[in-house]
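Chemist: Chains as they are written, first to last, in my numbering: chain X, 5 to 267; chain Z, 1384 to 1673. Using N, Cα and C, we set each Cβ at its ideal position, and we do this for glycine too. All values reported here derive from a predicted model rather than from experimental measurement.
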Amino acid sequence: MKSLSTAVAALVMGVAIAVFVVHPLAAPQSGGAMPPASAISRTADGKPDLSGIWQVVNTAAWNIEPHHASKDVPAGQGVVVDGAIPYQSWALGKRNENVKNRATADPESKCYLPGVPRIMFMPYPFQIVQTPKQIAMLYEYVHATRNVYMDSKHPPGPIDWWMGDSRATWDGDTLVVDVVHFNDETWFDRAGNFHSDAMHLVERYTPMSRDHIQYEVTVEDPKVFTRPWKMSMPLYRRMEKQVQVLEYECYAFDGEEFHVTPP
Amino acid sequence: MSTQRVVLRICGALCLAAAVPLSAQNIPRRAGPESQKWQAPRTADGQVDIQGYWRQTNNVTTYSLEQGEAHRAVHIKITGQRAATGKPIVDPADGRIPYLPWAQEKFNYLVSVHEGPERVVDLDPVARGFMEGVPRINLQTGFQILQMPNQVVFLYEYGHHYRVVPLDGRPHLDPAIKLWMGDSRAHWEGNTLVVDVTNQNDQTWFDQVGAFHGPDLHVTERWTFTSVDQLDFEATLTEPKVFSRPWVIAMNYSREKEEGYEQYEHAVWEGNKSVELMVRPKAGSDGSKQ
Chain X
5 MKSLSTAVAA LVMGVAIAVF VVHPLAAPQS GGAMPPASAI SRTADGKPDL
55 SGIWQVVNTA AWNIEPHHAS KDVPAGQGVV VDGAIPYQSW ALGKRNENVK
105 NRATADPESK CYLPGVPRIM FMPYPFQIVQ TPKQIAMLYE YVHATRNVYM
155 DSKHPPGPID WWMGDSRATW DGDTLVVDVV HFNDETWFDR AGNFHSDAMH
205 LVERYTPMSR DHIQYEVTVE DPKVFTRPWK MSMPLYRRME KQVQVLEYEC
255 YAFDGEEFHV TPP
Chain Z
1384 MSTQRVVLRI CGALCLAAAV PLSAQNIPRR AGPESQKWQA PRTADGQVDI
1434 QGYWRQTNNV TTYSLEQGEA HRAVHIKITG QRAATGKPIV DPADGRIPYL
1484 PWAQEKFNYL VSVHEGPERV VDLDPVARGF MEGVPRINLQ TGFQILQMPN
1534 QVVFLYEYGH HYRVVPLDGR PHLDPAIKLW MGDSRAHWEG NTLVVDVTNQ
1584 NDQTWFDQVG AFHGPDLHVT ERWTFTSVDQ LDFEATLTEP KVFSRPWVIA
1634 MNYSREKEEG YEQYEHAVWE GNKSVELMVR PKAGSDGSKQ
């Protein structure tokens, strides 16, 4: 698939102006065939326009693997592509320990920045602000942010950032974001799935219509998994008139540890 | 990376004073009518183009808006550092917040205990890890502005705060919705972006010593593009139940020109020890969990 994609991308670049009127035939991702080029919004420079307010509609926040319902947890078919997460055996043991201890061990219970990709499928909206050189992703959950810089290099590591360092390029109509420089303190979900500080992500954002983006992320972490693995899900545009991202300040509610209002 | 940025990243809010350039103008300039006369660059959709990274040049910190001598003496005692001398309050002329008598009494109390309050709720909300509110965030660190058709976006480095400011004339949020950073709506008046901010909760302070407001604060910000590398800022603060009159703070920002400059992640809540370190409960009380 990758070689086909590269060849087609080269062909499309070769026909220059035609890109804007002809279907840019990038290789289909796991979300299915690409839409006609005219079916998606574009910026003044002809790139797909990803700006807007987006949110998943799935249960990956609870568990990225297939799961039946339990108390306060809706059932879900999972977002991991091609079977179970390929944990190394020690890591599967740690995941199972995490499940047992999740009430206190889950970083979400401490209201920490949730990391990537977890922030992408938490049940809160986020806004994409797209400029030619920089794409900002602004999240309602704990006002997390990501600055995705176009066509630039990661700063030299090691750096342990909660949200990593994101650098992107366009592959046809797909935004490809390379993310490194994570710490080892974030999880993928509330079901104890985890990674190390060696995690490397490749995210692919492919607009499928004006109002949905196929989001795919490949997870590579040789300290924890036996091979790279992938998640895939749609992001849907929030369609409400005048919808805006509000605030979910997880650690700032009445009655929480550093409570807000006087007793 | 400049020394200033290294200091900012190492020691955070409590020692910002040391990080501000000492050669800066301490009395902010207010943009006059001449600032509307030049042909400012425009974005493709016709807005005045104020995109880029900006940093404040008035030696103003979030420690104390009034910057009285007593406040500065306390700052030196707490931090061992010379306090900044920038004075952001430009109206009233005495540089004091025009609190109503009841509010002045509360403010005086908060100032008197701010070094080591007995109660968590008397500690600066930002030290507790909460969001800054508007206009305080504009005093805290540098920021980046991005513009899109119908919106202006402020990205602040400190604590990854951000503001998305619509220009499309939509009404404010329902008053029942309270936000730490409020609800911003803006329009352009010549070279000035006028931002109307409502819906802020009553939990934020303007500074570290206890300058507070109530639940009905109304802020009007004016961001004037006075030259290609200069943004002049003013905010008028109105809340008749707390202040005897509207009052104004001002600051000036210049364009950050360091090549390849980017804002880095600045996590505040994660690992915050301020409550443990700063709250000093009376002997026999139950400490920070009261």
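Establish whether the CB of Tyr-1545 of chain Z and some CB of chain X are separated by less than 7 Å.
Modeler: As a first step, residue 1545 of chain Z is located in the second sequence; it is residue number 162 there, counting from the start. So, interface residue.
Chemist: Residues of the region 137 to 149 of chain X with a CB closer than 8 Å to any CB of chain Z: list them in chain order, please.
Modeler: Gln-138, Ala-140, Leu-142, Val-146, His-147, Ala-148 and Thr-149
Chemist: Measure the C-alpha to C-alpha separation of Val-1611 of chain Z and Gly-1525 of chain Z and round it to an integer number of angstroms.
Modeler: On the second sequence, position 228 is the one that residue 1611 of chain Z refers to. On the second sequence, position 142 is the one that residue 1525 of chain Z refers to. Going from the Cα of Val-1611 of chain Z to the Cα of Gly-1525 of chain Z covers about 17 Å.
Chemist: For Gln-1646 of chain Z, go through chain X and note every residue whose CB falls closer than 8 Å to its CB, in chain order.
Modeler: Mapped onto the second sequence, residue 1646 of chain Z falls at position 263. Residues of chain X passing the Cβ test: Asn-151.
Chemist: Is there at least one Cβ from chain X nearer than 7 Å to Val-1536 of chain Z's Cβ?
Modeler: Taking the second sequence and counting its residues from 1, one reaches residue 1536 of chain Z at position 153. So, interface residue.
Chemist: Could one say the Cβ of Phe-24 of chain X lies closer than 7 Å to chain Z's Cβ atoms, at least one of them?
Modeler: Reading the first sequence from its first residue, position 20 is the one you call residue 24 of chain X. Unreliable placement is indicated for Phe-24 of chain X, whose pLDDT of 35 sits below 50; the coordinate value is still reported in the next sentence. Interface residue (Cβ-Cβ distance to chain Z less than 7 Å): Phe-24 of chain X is not classified as such.
Chemist: Beta-carbon within less than 7 Å of Ser-268 of chain X's beta-carbon, same chain only, minus the 5 sequence neighbours each way: which residues are those?
Modeler: Nothing can be reported for residue 268 of chain X, as the shown portion of chain X is limited to 5 through 267.
Chemist: DSSP puts Glu-224 of chain X in a beta bridge; with which residues?
Modeler: As a working mapping, residue 224 of chain X is identified with position 220 in the first sequence. Answer by DSSP bridge pairing, in chain order: X:His-204.
Chemist: Hey, how far is the Cα of Leu-1529 of chain Z from the Cα of His-1458 of chain Z?
Modeler: As a position in the second sequence, residue 1529 of chain Z is number 146, starting the count at 1. As a position in the second sequence, residue 1458 of chain Z is number 75, starting the count at 1. Cα-Cα distance, rounded: 35 Å.
Chemist: For the region 1511 to 1527 of chain Z, which residues have a CB atom closer than 9 Å to at least one CB atom of chain X, in sequence order?
Modeler: Interface annotation for the region 1511 to 1527 of chain Z against chain X: Arg-1511, Gly-1512, Phe-1513, Met-1514 and Gln-1527, criterion Cβ-Cβ distance under 9 Å.
Chemist: What's the call for Asn-105 of chain X, buried or exposed, on a 16-neighbour Cβ count within 10 Å?
Modeler: For the purposes of this step, residue 105 of chain X is identified with residue 101 of the first sequence, where counting begins at 1. That one is exposed.
Chemist: With a threshold of 7 Å between beta-carbons, can Glu-253 of chain X be considered close to chain Z, or not?
Modeler: Position 249 of the first sequence holds residue 253 of chain X. Output row for Glu-253 of chain X: interface = yes.
Chemist: Could you check what DSSP says for Glu-244 of chain X in three-state terms: helix, strand or coil?
Modeler: For the purposes of this step, residue 244 of chain X is taken as the residue at position 240 of the first sequence. Coil.
Chemist: Spatial neighbours of Asp-1566 of chain Z within its chain, please: CB distance less than 6 Å, with the 5 preceding and 5 following residues excluded, ordered by chain position.
Modeler: Your numbering for residue 1566 of chain Z matches position 183 in the second sequence. Cβ neighbours of Asp-1566 of chain Z beyond the five flanking positions: His-1555, Leu-1556, Thr-1581 and Asn-1582.
Chemist: Here's the rule: buried if 16 or more other CB atoms are within 10 angstroms of the residue's CB, otherwise exposed. What is Gly-1469 of chain Z?
Modeler: As a working note, residue 1469 of chain Z is residue 86 in the second sequence. Answer is buried; the Cβ neighbour count reaches 16.
Chemist: Please list, in chain order, the residues of the region 1480 to 1492 of chain Z that have any C-beta partner in chain X closer than 9 Å.
Modeler: none
Chemist: Grouping DSSP H, G and I as helix and E and B as strand, with all else coil, what is Lys-234 of chain X?
Modeler: Along the first sequence, one-based indexing puts residue 234 of chain X at 230. Correct three-state label for Lys-234 of chain X: strand.
Chemist: Could you give the uninterrupted runs of the beta strand (DSSP E) lying entirely in the region 1520 to 1545 of chain Z, keeping only those of 3 residues or more?
Modeler: 1526 to 1531 and 1534 to 1539
Chemist: With a 10 Å radius around its C-beta and 16 neighbouring C-beta atoms as the bar for buried, classify Trp-165 of chain X as buried or exposed.
Modeler: Locating residue 165 of chain X in the first sequence gives position 161, where the first residue counts as 1. Buried is the call here.
Chemist: Return helix, strand or coil for Met-124 of chain X, following the three-state DSSP convention.
Modeler: Here residue 124 of chain X refers to the residue found at position 120 when the first sequence is read from its first residue. Helix at Met-124 of chain X.
Chemist: For Glu-253 of chain X, collect the residues of the same chain with a Cβ closer than 6 Å to its Cβ; drop the 5 residues on either side in sequence, then sort them by chain order.
Modeler: Here residue 253 of chain X refers to the residue found at position 249 of the first sequence. Result list for Glu-253 of chain X: empty, nothing under 6 Å.
Chemist: Please report the straight-line C-alpha distance between Ala-1618 of chain Z and Phe-1513 of chain Z, rounded to a whole angstrom.
Modeler: As a working note, residue 1618 of chain Z is residue 235 in the second sequence. As a working note, residue 1513 of chain Z is residue 130 in the second sequence. About 22 Å.
Chemist: Beta-carbon separation of Glu-1498 of chain Z and Ile-1461 of chain Z under 7 Å?
Modeler: Here residue 1498 of chain Z refers to the residue found at position 115 when the second sequence is read from its first residue. Here residue 1461 of chain Z refers to the residue found at position 78 when the second sequence is read from its first residue. Cβ atoms of Glu-1498 of chain Z and Ile-1461 of chain Z: closer than 7 Å.
Chemist: Report the three-state DSSP secondary structure of Arg-1511 of chain Z (helix, strand or coil).
Modeler: Indexing the second sequence from 1 puts residue 1511 of chain Z at position 128. Residue state, collapsed to three classes: coil.
Chemist: Identify whether Glu-1501 of chain Z lies in helix, strand or coil by the three-state DSSP scheme.
Modeler: Counted from its first residue, the second sequence places residue 1501 of chain Z at position 118. Residue state, collapsed to three classes: coil.
Chemist: Note down the Cα distance separating Thr-178 of chain X from Arg-208 of chain X, rounded to an integer number of angstroms.
Modeler: For the purposes of this step, residue 178 of chain X is taken as residue 174 along the first sequence, with counting starting at 1. For the purposes of this step, residue 208 of chain X is taken as residue 204 along the first sequence, with counting starting at 1. Roughly 6 Å separates the two Cα atoms.
Chemist: For Phe-3 of chain X, count the other beta carbons within 10 Å of its own beta carbon; 16 or more makes it buried, fewer makes it exposed. Which is it?
Modeler: This structure cannot settle anything about residue 3 of chain X, because the visible part of chain X is limited to 5 through 267.
Chemist: Against Glu-126 of chain X, what residues of chain Z qualify as contacts under a CB-to-CB distance less than 9 Å, listed in chain order?
Modeler: For this step, residue 126 of chain X is matched to residue 122 along the first sequence. According to the sequence provided, residue 126 of chain X is Met. The question's Glu does not apply to it. Those do not exist, as Met-126 of chain X stays about 16 Å from chain Z at its closest Cβ, beyond 9 Å.
Chemist: Closer than 7 Å, CB to CB, is Ala-1559 of chain Z near chain X or not?
Modeler: Within the second sequence, numbered from 1, the residue matching residue 1559 of chain Z stands at position 176. Not closer than 7 Å to any Cβ of chain X, the Cβ of Ala-1559 of chain Z fails to qualify, so no.
Chemist: Can you grab the Cα-Cα spacing for the pair Gly-1597 of chain Z / Gln-92 of chain X, in whole Å?
Modeler: Here the question's residue 1597 of chain Z lines up with position 214 in the second sequence. Here the question's residue 92 of chain X lines up with position 88 in the first sequence. Rounded to the nearest angstrom, the two C-alpha atoms are 55 Å apart.
Chemist: Report yes if the C-beta distance between Ile-217 of chain X and Pro-211 of chain X is below 7 Å; otherwise report no.
Modeler: As a first step, residue 217 of chain X is located in the first sequence; it is residue number 213 there, counting from the start. As a first step, residue 211 of chain X is located in the first sequence; it is residue number 207 there, counting from the start. Cβ atoms of Ile-217 of chain X and Pro-211 of chain X: closer than 7 Å.
Chemist: If you draw a straight line from the alpha carbon of Val-1602 of chain Z to that of Val-1578 of chain Z, how long is it in whole angstroms?
Modeler: The sequence position of residue 1602 of chain Z within the second sequence is 219, counting from 1. The sequence position of residue 1578 of chain Z within the second sequence is 195, counting from 1. The straight-line gap from Cα to Cα measures roughly 8 Å.
Chemist: For Val-133 of chain X and chain Z, any beta-carbon pair shorter than 7 Å?
Modeler: To locate residue 133 of chain X, count along the first sequence from 1; it is residue 129. Yes, Val-133 of chain X counts as interfacial toward chain Z.
Chemist: In whole angstroms, what separates the C-alpha of Phe-1626 of chain Z from that of Asn-151 of chain X?
Modeler: One-based indexing of the second sequence puts residue 1626 of chain Z at position 243. One-based indexing of the first sequence puts residue 151 of chain X at position 147. Taking the straight line from one Cα to the other gives about 39 Å.
Chemist: Is Tyr-209 of chain X close to chain Z, meaning its C-beta is less than 7 Å from at least one C-beta of that chain?
Modeler: Locating residue 209 of chain X in the first sequence gives position 205, counting from the first residue. For Tyr-209 of chain X, the answer is no, since every Cβ of chain Z falls outside 7 Å of its Cβ.
Chemist: CA-CA distance, Pro-121 of chain X and Tyr-145 of chain X?
Modeler: Looking up residue 121 of chain X in the first sequence gives position 117. Looking up residue 145 of chain X in the first sequence gives position 141. The alpha-carbon atoms of Pro-121 of chain X and Tyr-145 of chain X are separated by roughly 13 Å.
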